[in-house]
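Visitor: One structure follows; several queries about it will come next.
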Amino acid sequence: MDQLHLLWEYQKADVEVDKMEASIKRSPTRQKLVKYRDYVMEQQTAIKRIEGEVANMADRLEALKDAIRMTDEQLRSLQTKMDNDPPANAEALQQFLSDAKRFQNNLNAYEQEVRRIRKDASDRERQQHDVRVRAAKAKAEFDKLKVIYDEEKKNKDQDLEALRAAATEKAKAIEPDFMERYQTIKRHSVPPLAQLYGDQCGGCNMSLPSAVSRRVKAGELVECETCGRLLILP
Ligand SMILES: [Zn+2]
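Numbering (my numbering), first residue to last: 3 to 236.
What follows is the structure, given as structure tokens:
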């Protein structure tokens, strides 16, 4: 058998290897597994985000507590001043009332914000709980499926090994420069060898000049001018 036909035999084995590799990658169990993994990761990201938001809320609550304490003091000192040194005229009384109102308004606004943050924080806690439950469920599904997948993969890996061994065996008869040419073509056209049917390339189905088939028949190495596959007579 000449090199081209040995290469054709090798290609058959090589195609089987590629098919098995693709089938391992495309396995529905594997795809489901990837989906569960991505989902669990999404939930973990969500938990981190919520934790960050809750931490910011805690910081803001601390700042609000300080602000409330200060405003309380301002109100109290205003009261003390009023008791010890009551306003002497209507204008001073007006000033006193306006200060008191301003402090009271600030106090109300701070307290309102505290209530809103407390409510937000408890919403976030509930959210976080739900997310954790969902993540745990998905993780459990992932673990269950992983056992099935590992078993499935073990069997397929064994098949793949056998196919690879068969291909390696066939490769032994092929000269290095032929193999290199095969690998080079495989980078753009798979499979790299195509049979020539009349004047038609069996790889891309394009018609070729009749000189091509004469050259192939004469034993020349000819690549299809359209797809670049190495042509072989059936
Ligand atoms: Zn072609």
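Glycine is no exception: its CB is placed at the ideal position from the N, C-alpha and C atoms.
Throw me the rounded Cβ distance for the residue 234 and residue 185 pair, which I believe falls under 8 Å.
Guide: As a working mapping, residue 234 is identified with position 232 in the sequence shown. As a working mapping, residue 185 is identified with position 183 in the sequence shown. Contact flag wrong, Cβ pair sits at about 17 Å.
Visitor: Given a cut-off of 8 Å on the beta-carbon distance, is the pair residue 194 and residue 13 in contact?
Guide: For the purposes of this step, residue 194 is identified with residue 192 of the sequence shown, where counting begins at 1. For the purposes of this step, residue 13 is identified with residue 11 of the sequence shown, where counting begins at 1. Contact: yes.
Visitor: Just to confirm my understanding: we take residue 217, look at its own chain, exclude 5 residues before and 5 after, and list those with CB closer than 6 Å. What are they?
Guide: Numbered from its first residue, the sequence shown carries residue 217 at position 215. Correct list, in chain order: 224.
Visitor: Take the Cβ of residue 95 as the centre, count every other Cβ of all protein chains shown within 10 Å, and call the residue buried at 16 or more, exposed below.
Guide: Counted from its first residue, the sequence shown places residue 95 at position 93. Residue 95 is exposed by the Cβ-count criterion.
Visitor: Answer yes if the stretch 84-91 comes into contact with the stretch 31-49, meaning at least three C-beta pairs across the two stretches below 8 Å, and no otherwise.
Guide: Taking 8 Å as the limit for Cβ pairs, the verdict is that the stretch 84-91 does not touch the stretch 31-49.
Visitor: Any idea which residues DSSP pairs residue 199 with across the strands?
Guide: Along the sequence shown, read from residue 1 onward, the residue named residue 199 stands at position 197. In DSSP, residue 199 forms a bridge with 202.
Visitor: State yes or no: is the C-beta of residue 140 within less than 8 Å of the C-beta of residue 42?
Guide: For this step, residue 140 is matched to residue 138 along the sequence shown. For this step, residue 42 is matched to residue 40 along the sequence shown. Against a cut-off of 8 Å, the Cβ pair of residue 42 and residue 140 comes out as a contact.
Visitor: Give the list of continuous beta strand (DSSP E) stretches no shorter than 3 residues that lie fully inside the stretch 71-150.
Guide: None, since the stretch 71-150 contains no complete beta strand (DSSP E) of that length.
Visitor: Using the beta-carbon count (16 or more within 10 Å), is residue 16 buried or exposed?
Guide: Sequence index remark: in the sequence shown, residue 16 carries index 14 (1-based). Residue 16 is buried by the Cβ-count criterion.
Visitor: May I ask which residues mark the beginning and end of the alpha helix (DSSP H) holding residue 8?
Guide: Within the sequence shown, residue 8 is the residue found at index 6, counting from 1. Counting along the chain, the alpha helix (DSSP H) containing residue 8 begins and ends at 5-28.
Visitor: Using only the heavy atoms of ligand 1, determine whether one of them is closer than 7 Å to the beta carbon of residue 39.
Guide: Locating residue 39 in the sequence shown gives position 37, where the first residue counts as 1. It does not: the Cβ of residue 39 is nowhere closer than 7 Å to a heavy atom of ligand 1.
Visitor: Going by DSSP, what residue range makes up the alpha helix (DSSP H) through residue 1?
Guide: Since the first residue shown for the chain is 3 and the last is 236, residue 1 is missing from the structure and cannot be characterised.
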